[in-house]
Amino acid sequence: MEHIITSLGQMDIVQLRNKVGMTRASFQNHFKQQIGVSPKTYSRIVRENVAYKEIQQIKNVDWEQATHDFRYFDQSHFIKDFKHFFGCKPSDLHRGGFLQFLYKNSHF
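With the first letter of the sequence shown counted as 1, position 85 gets the number 85 in the UniProt record's numbering; the numbers rise by one all the way through.
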């Protein structure tokens with residue numbers, strides 16, 4: 001888990017599994033028992049949290065560069081993962097911040 005965090009969610013899961021010397025099935029099962037999600041899902045969570053924090057600190061985001069920096073194949077993969085975890089596109093969240101996004105999209 002620590003390796004995934006220090007790699008900002010970008011560590012190759014096969015390399016990690018080989019590093020700890022476990023078979024694929026035992027590694028998956030052990031990780032899921034200890035953490036509650038698969039190693040790949042945990043890596044995605046870590047990577048998206050890093051992306052969220054970074055994006056919030058940049059005034060004018062270059063989305064192509066952000067896609068590259070977070071090691072996504074392309075912008076559509078970045079947006080898809082971001083929407084999965086945050087419920088909106090990164091540009092929507094960046095424009096108004098998370099609280100404004102929640103307020104605007106609430107159904108009170």
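Here a beta-carbon is modelled for each residue, glycine too, at the ideal position from N, C-alpha and C.
S7 and S91 have their C-alpha atoms roughly 24 Å apart. Excluding five sequence positions before and after F78, the CB atoms of its chain that fall closer than 6 Å to its own CB belong to T67 and Y72, given in chain order.
The Cβ neighbour count for V14, taken over all protein chains shown within 10 Å, is under 16; the residue is labelled exposed. Rounded to whole angstroms, the Cβ separation of G9 and S43 is 5 Å, and the two are in contact under 8 Å. When the Cα atoms are used, N60 and H94 turn out to be separated by approximately 9 Å.
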